[in-house]
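Working notes for the structure below.
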């Protein structure tokens, strides 16, 4: 495996943003997974990509970082992620992966940013003119969606909660419908989005399972290919053998063109394309 560590992709407001790129040598120009870490938008570091297992299956992985909420308020985080993607698109030949087959993925806060990456393609407020920000697949692991309206529904807003810090101030959070809508991936769904795989534990105490159902329903209603894998009894940050299998089959189908059969039934609705049945 080829490793490219501490690759600088952006400097902004005194912060230097880096990524680590891993490319398997067993595959010529493999598809790429761009990984966005979680941590409530206010902590967490690159280096713990939950897609590492896909390296063995012939996928390259780029593990990126972004400005945290205490460094800059939203939308700095999504702009950094889009700049990372643009960098990866431009430098595919340098590192040896296929920039026409890219999946963006992340967990928790990174899942939110991954979903936002996938739904907001073409947003000129966050993208530079002439750059390519398209992706071919999204894997969202238990990401929150309604960060501007409260992800638990109807609670009083704590000025110290991660969502309030992300949006900039306690006054802004919960009062600005526009800013909250900007941060919600569902806002941008219009049927043009790439295929989504959403994974969530139905007993997640931090990000309610309903958040993923909202995203799934919105994508499905717009005619976007979307699959919701439910880890029954799973909490926040669940791990399971079937989870790796489901992700691998999804990636193989949409990035490698393999017509694979789902490994096992899952309790939540699993709407497969006709050719997969």
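In the working numbering, the protein residues as written are 1 to 277.
Where a beta carbon is used, it is the ideal one built from N, C-alpha and C, also for glycine.
No experiment lies behind these values; they were computed from the predicted model shown.
Residue i classed as buried or exposed, judged by whether at least 16 other C-beta atoms fall within 10 angstroms
i, result
"residue 148", "buried"
"residue 94", "exposed"
"residue 259", "exposed"
"residue 117", "buried"
"residue 160", "exposed"
"residue 2", "exposed"
"residue 5", "exposed"
"residue 11", "exposed"
"residue 185", "buried"
"residue 38", "buried"
"residue 30", "buried"
"residue 124", "exposed"
"residue 14", "exposed"
"residue 28", "exposed"
Beta-carbon contacts of residue i that lie in its chain and below 6 Å, excluding the five residues immediately before and after
i, result
"residue 89", "99 and 132"
"residue 274", "Caution is warranted here: a pLDDT of 31 is assigned to residue 274, below 50, making its placement in the model unreliable, and the coordinate value is therefore given only provisionally. None."
"residue 166", "41, 69 and 74"
"residue 92", "99"
"residue 96", "23"
"residue 278", "Residue 278 cannot be examined here, being either before or after the span of the chain that is shown, 1 to 277."
"residue 196", "138, 219 and 226"
"residue 223", "191"
Beta-ladder partner(s) of residue i, from DSSP
i, result
"residue 44", "None, per the DSSP bridge assignment."
"residue 197", "139 and 227"
"residue 36", "64 and 106"
"residue 19", "7 and 64"
"residue 278", "In the structure as shown, the chain begins at 1 and stops at 277. Residue 278 is therefore absent and cannot be evaluated."
"residue 2", "23"
8 Å CB neighbourhood of residue i in its chain, flanking five on each side removed
i, result
"residue 151", "144, 145, 163, 207, 208 and 211"
"residue 182", "74, 75 and 148"
"residue 85", "34, 102, 104, 117, 133 and 135"
"residue 126", "75, 78, 79, 82 and 120"
"residue 270", "Its pLDDT being 40, under 50, residue 270 is placed unreliably by the model, and the measurement read from it follows with that caveat. Taken in chain order, the residues that qualify are 227, 228, 229 and 262."
"residue 236", "108, 142, 201, 204, 205, 206 and 207"
"residue 43", "68"
Close-in-space but distant-in-sequence residues of the same chain around residue i (CB under 7 Å, 5 per side omitted)
i, result
"residue 63", "19, 20, 35, 46, 47 and 49"
"residue 216", "198, 226 and 228"
"residue 25", "1 and 2"
Contact with chain B by residue i, beta-carbon distance below 8 Å
i, result
"residue 76", "In the structure shown, chain B cannot be found, because there is only a single protein chain."
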